[in-house]
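When you read off a place in the sequence shown, starting at 1, and then add 223, the result is the number in our numbering.
Here's the structure we're looking at; comments come further down.
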Amino acid sequence: MRIPFVAGNWKMNKTVAEARDLVSKVGAQLREIPSVEKVLCPPFTALPALSAMLEGSDIGLGAQNMHWEEKGAFTGEVAPGMVKEFCNYVIIGHSERRAYFGETDENVNRKLRAALKFDLTAIVCVGETLDQYESGLTSEVVRRQISLGFAGTDSAFGARLVVAYEPVWAIGTGKASSAVNANEVLSQVIRPALSDLFGMETAQSIRILYGGSVTASNASEFFTQSEIDGALVGGASLKADEFVGITKAAAK
Ligand code: 13P
224 MRIPFVAGNW KMNKTVAEAR DLVSKVGAQL REIPSVEKVL CPPFTALPAL
274 SAMLEGSDIG LGAQNMHWEE KGAFTGEVAP GMVKEFCNYV IIGHSERRAY
324 FGETDENVNR KLRAALKFDL TAIVCVGETL DQYESGLTSE VVRRQISLGF
374 AGTDSAFGAR LVVAYEPVWA IGTGKASSAV NANEVLSQVI RPALSDLFGM
424 ETAQSIRILY GGSVTASNAS EFFTQSEIDG ALVGGASLKA DEFVGITKAA
474 AK
């Protein structure tokens, strides 16, 4: 049995005061949904304050990115050990990192290895662009992102691997993928690619999320699909009722 998983990727939103305010609204309600693994990924600047607020709760904290090196002359970057001071999770290879900051599958792989070394659970994002989708390249693109991104990862780390399938055309557009289409990519591309790398048993244990315009009203369509174990939520995670609604849907 894979435990349902819902993570909120706040992206570049919320000051510390705003972040505290949102957590004070969702905290108690999320704690009433113990059957779902819940993670908030605010900007780096809000991590210390939220880690103090969430101490002792079952709500996890994650970073949205990190560097793979442990320290050094990398101006503006944040090291895995620094993330680990506040978080148990990290998002790796989000499509916005790939599109705007030139992240490659090789970078993703380095970050993933660093995350595992520092005992972080890695939420690794994959997904095709609109052009790739329209050209029928979804399987090829996603398969490559998985095989290069996860290369050399020991199957013993299966429990700390989470994959988020986020078709780029569905992110922030209000045009979610159909649940059936997303489930097909998970069952026909992602889980088989994980199985090639880690073997069937480990592949079956890895949580795979859907991300892209998930809301409280469409969440259950996704969560009732056989392969979709949860969601990586962007815009809707900034609204207390929406995020709580999505998490409740994951519990059913
Ligand atoms: P939206 O939910 O805003 O479409 O964003 C999805 C996403 O990118 C989560 O990482």
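Ideal Cβ placement from N, Cα and C applies to all residues, glycine included.
Keep in mind it's a predicted model, so treat the numbers as computed, not measured.
From the options, residue whose alpha carbon lies closest to that of residue i
{"i": "G397", "options": "A379, A474, G457", "result": "G457"}
{"i": "I413", "options": "P265, A426, V403, S401", "result": "A426"}
{"i": "G381", "options": "C348, E278, F445, S418", "result": "S418"}
{"i": "K475", "options": "L253, K462, F446", "result": "F446"}
{"i": "E300", "options": "F309, Y388, E308, M289", "result": "M289"}
{"i": "L455", "options": "A473, A442, F373, Y433", "result": "Y433"}
{"i": "A402", "options": "S443, V229, S318", "result": "S443"}
{"i": "K340", "options": "T352, S358, V306, E363", "result": "V306"}
Which of helix, strand or coil DSSP assigns to residue i
{"i": "G222", "result": "Limits of the chain in this structure are 224 at one end and 475 at the other, which puts residue 222 out of reach."}
{"i": "N288", "result": "coil"}
{"i": "V246", "result": "helix"}
{"i": "K261", "result": "strand"}
{"i": "G350", "result": "coil"}
{"i": "T470", "result": "helix"}
{"i": "I256", "result": "coil"}
Bridge-paired residues (DSSP) for residue i
{"i": "A454", "result": "V229, Y433"}
{"i": "Y388", "result": "V349, Y433"}
Close beta carbons around residue i, own chain, < 6 Å, minus the five adjacent residues each side
{"i": "A439", "result": "E465, G468, I469"}
{"i": "I226", "result": "E260"}
{"i": "S410", "result": "E450"}
{"i": "K334", "result": "W291, I315"}
{"i": "M224", "result": "none"}
{"i": "S362", "result": "V412"}
Residues near residue i by beta carbon distance below 7 Å, same chain, minus five either side
{"i": "A393", "result": "A399, S400, G435, S436"}
Next on the checklist: In chain order, what are the residue ranges of uninterrupted alpha helix (DSSP H) at least 4 long that sit wholly in the segment 355–386?
Outcome noted: Taking only runs of at least 4 residues, the alpha helix (DSSP H) segments lying wholly in the segment 355–386 are 361–372.
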